[in-house]
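Protein chains: 2
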Amino acid sequence: MPVTVLLVDDEPLVRAGLRAVLEAQPDIEVVGEAADGAAVIPLVRQLRPDVVAMDVRMPLLDGIEATRAVLRTVDAPPKILVVTTFENDEYVYEALRAGADGFLLKRARPAEIVHAVRLVAEGESLLFPASVRQLAAEYGRSGGNRAARAAMDRARLTEREAEVLRLMARGLSNTEIAARLVVGTETVKSHVSAVLAKLGARDRTQAVIAAYESGFVAPG
Amino acid sequence: MPVTVLLVDDEPLVRAGLRAVLEAQPDIEVVGEAADGAAVIPLVRQLRPDVVAMDVRMPLLDGIEATRAVLRTVDAPPKILVVTTFENDEYVYEALRAGADGFLLKRARPAEIVHAVRLVAEGESLLFPASVRQLAAEYGRSGGNRAARAAMDRARLTEREAEVLRLMARGLSNTEIAARLVVGTETVKSHVSAVLAKLGARDRTQAVIAAYESGFVAPG
DNA sequence: GATCGTCTCCCCCGGCCGGGGGAGGCCCGT
DNA sequence: ACGGGCCTCCCCCGGCCGGGGGAGACGATC
Numbered sequence: 001m002p003v004t005v006l007l008v009d010d011e012p013l014v015r016a017g018l019r020a021v022l023e024a025q026p027d028i029e030v031v032g033e034a035a036d037g038a039a040v041i042p043l044v045r046q047l048r049p050d051v052v053a054m055d056v057r058m059p060l061l062d063g064i065e066a067t068r069a070v071l072r073t074v075d076a077p078p079k080i081l082v083v084t085t086f087e088n089d090e091y092v093y094e095a096l097r098a099g100a101d102g103f104l105l106k107r108a109r110p111a112e113i114v115h116a117v118r119l120v121a122e123g124e125s126l127l128f129p130a131s132v133r134q135l136a137a138e139y140g141r142s143g144g145n146r147a148a149r150a151a152m153d154r155a156r157l158t159e160r161e162a163e164v165l166r167l168m169a170r171g172l173s174n175t176e177i178a179a180r181l182v183v184g185t186e187t188v189k190s191h192v193s194a195v196l197a198k199l200g201a202r203d204r205t206q207a208v209i210a211a212y213e214s215g216f217v218a219p220g
Numbered sequence: 001m002p003v004t005v006l007l008v009d010d011e012p013l014v015r016a017g018l019r020a021v022l023e024a025q026p027d028i029e030v031v032g033e034a035a036d037g038a039a040v041i042p043l044v045r046q047l048r049p050d051v052v053a054m055d056v057r058m059p060l061l062d063g064i065e066a067t068r069a070v071l072r073t074v075d076a077p078p079k080i081l082v083v084t085t086f087e088n089d090e091y092v093y094e095a096l097r098a099g100a101d102g103f104l105l106k107r108a109r110p111a112e113i114v115h116a117v118r119l120v121a122e123g124e125s126l127l128f129p130a131s132v133r134q135l136a137a138e139y140g141r142s143g144g145n146r147a148a149r150a151a152m153d154r155a156r157l158t159e160r161e162a163e164v165l166r167l168m169a170r171g172l173s174n175t176e177i178a179a180r181l182v183v184g185t186e187t188v189k190s191h192v193s194a195v196l197a198k199l200g201a202r203d204r205t206q207a208v209i210a211a212y213e214s215g216f217v218a219p220g
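Chains A and B, in that order, are what the protein sequence lines are. Residue numbering for the first sequence follows UniProt numbering, starting at 1 and increasing by one per position. Residue numbering for the second sequence follows UniProt numbering, starting at 1 and increasing by one per position.
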């Protein structure tokens, strides 16, 4: 069955764009739209979407309040994907703390948008979407810390995964980690893949960065 | 004759604030504004300001690159006053090394801003205001792992290599770094290899760890 | 007992990574 | 004029990495 999505944005143009991008996917279906946060709750109850793509800055009720309201009042709430224009948007971190599952830049490429929707639908959190990385590179290092901490908290690593991440953050290769933990390299690869998925990291380097930025490991 | 100033910042609000503060002075005149680094060079050629108040973090072309570009391509270049939000901004030092004449915190009081503009216009350099001196002192001790710091000092990275390492420490792949620096991937690979060799790192992950441990990049 | 989560291991495979070696252009200092 | 960094780009190639998919074993919880 397809992933169902509810679009919430005050700009019709943005909604139309998201709809076009997402509807092009056979496994994604846009089941509704709302122009402000106040209309979200009844629509969520009625449509029961898997994912809500929610703008942060909206009239009446902003994305943060709407996120809190949905998570507080709806049983088996949908995943919330926060949509924003700026990567260094204070409201985005507020929304993540309010319980949103990931965020997405409006200027992201279509493939990245689709990827983000699928990921949150599967229950993953999104720390390092490619679009954010790129923008963070353009603006400097303003995007990181708080989002990193939030993502690390939300990651819910198992003990073994945390152990593997600590060794990754000391520069060990998969083979070396396997030797240290006295398991097979394939096992280590499984754990590493799980860590990457949970942190929304693309490779071990990004995972280590997230570990430092979140305070999971400390320098010195 | 008055001191003429060109404002370069991607945030209209910041430009408006600087303009208000500076225009209040009879001997200072704001002669132009730009929203990104790419627009700076033609404006400098056209307006020939005495001082350019340049943001470090900007889209398209950041303050460092813009500073280099201006100093390299303009005859009798203006004084460059780097404007930043954060005191511990790695980019600021980079900009100073690129030839900027001083820097200025956005949160500075109006009188300090005016003072800074007048000073650089007179040819003084503003490299170490109190806030930065303090931060440099903190870097001196809190910058973690002494061995890592020693290794980083011994490494003697070139400017380009340091730039590449910073981007590596943000999780960018070689391809992404190449796009950002507008060079070929082979070039990036050369720089990365040089960084790894100089730091004694086996792979990019270890290099990023060294960057964090040495304080070359700081979490938060 | 059945289900779930965790830890363990396996195969295939494409791709990025990093090593080695080379080379041309540029600016700078001797 | 000649070197010496530095930045740029090129080739070949082995290997580690990460994705996708699958599966068995164990304990806990319902």
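A virtual CB, placed ideally from N, CA and C, is assigned to each residue, including glycine. Since the model is a prediction, treat every value here as computed from it, not as a measurement.
Practice task
Output yes if chain B places a C-beta closer than 7 angstroms to the C-beta of Pro77(A); else output no.
Solution key: No - not a single Cβ of chain B is within 7 angstroms of the one on Pro77(A).
Handout entry: Straight-line gap, Val52(A) to Thr187(B) (C-alpha atoms, nearest Å)
Key = Computed Cα separation, rounded: 42 angstroms.
Practice task
Could you tell me which of Leu104(A), Val5(A) and Lys189(A) sits nearest to Leu43(A), measuring between CA atoms?
Solution key: Residue Val5(A) is the option with its Cα nearest to Leu43(A).
Exercise for the section: Report the three-state DSSP secondary structure of Val56(B) (helix, strand or coil). Expected result: The answer is coil: DSSP assigns Val56(B) none of H, G, I, E or B.
Handout entry: chain B within 7 angstroms of Pro219(A), Cβ atoms only
Key = The Cβ of Pro219(A) sits closer than 7 angstroms to at least one Cβ of chain B.
Handout entry: C-beta neighbour in chain B for Val188(A), strict 7 angstroms
Key = For Val188(A), the answer is no, since every Cβ of chain B falls outside 7 angstroms of its Cβ.
Practice task
Thinking Val217(B) and Ala207(B) are a contact (beta carbons under 8 angstroms), I'd like their distance in whole angstroms, please.
Solution key: About 11 angstroms separates the two Cβ atoms, so there is no contact after all.
Problem - Close Cβ partners of Pro49(A) (< 6 angstroms) along its chain, the five nearest in sequence each way excluded - result: Shown here for Pro49(A): same chain residues with a beta carbon closer than 6 angstroms to its own, the five before and five after excluded, namely Thr4, Val5, Leu6, Val31 and Pro78 in chain order.
Problem - Straight-line gap, Ala66(A) to Asp75(A) (C-alpha atoms, nearest Å) - result: When rounded, the distance between both Cα atoms is 15 angstroms.
Handout entry: beta strand (DSSP E) runs wholly inside the segment 159-200 of chain B, at least 3 long, in chain order
Key = Runs found: none.
Practice task
Report the rounded CA-to-CA distance for Ala100(B) versus Ala211(A), giving the unit in angstroms.
Solution key: Their Cα atoms are separated by approximately 34 angstroms.
Practice task
Check whether the Cβ of Val208(A) lies closer than 7 angstroms to any Cβ atom in chain B.
Solution key: The beta-carbon of Val208(A) is placed less than 7 angstroms from the nearest beta-carbon of chain B.
Problem - Own chain partners of Asp27(A) with C-beta closer than 7 angstroms, once the 5 adjacent residues on each side are dropped - result: These residues qualify, in order along the chain: Pro2 and Val3.
Handout entry: Buried/exposed call for Asp9(B), threshold 16 Cβ in 10 Å
Key = Burial call: buried.
Practice task
Could you tell me whether the Cβ atoms of Ile177(A) and Leu165(A) are closer together than 7 angstroms?
Solution key: Against a cut-off of 7 angstroms, the Cβ pair of Leu165(A) and Ile177(A) comes out as no contact.
Exercise for the section: Have a look at the DSSP bridge pairing and note the partners of Phe103(B). Expected result: Per the DSSP secondary-structure output, Phe103(B) pairs in a beta bridge with Val82(B).
Practice task
Using a cut-off of 9 angstroms between C-beta atoms, extract the partners of Glu161(B) located in chain A.
Solution key: Within chain A, no residue has its beta carbon less than 9 angstroms from that of Glu161(B); the closest one is some 17 angstroms off.
Handout entry: chain B contact residues for Gly200(A), given Cβ-Cβ distances below 7 angstroms
Key = Chain-ordered listing is empty here: chain B has no CB closer than 7 angstroms to the CB of Gly200(A), the nearest sitting near 11 angstroms.
Handout entry: With 16 other Cβ atoms within 10 Å as the buried cut-off, status of Thr84(A)
Key = Buried.
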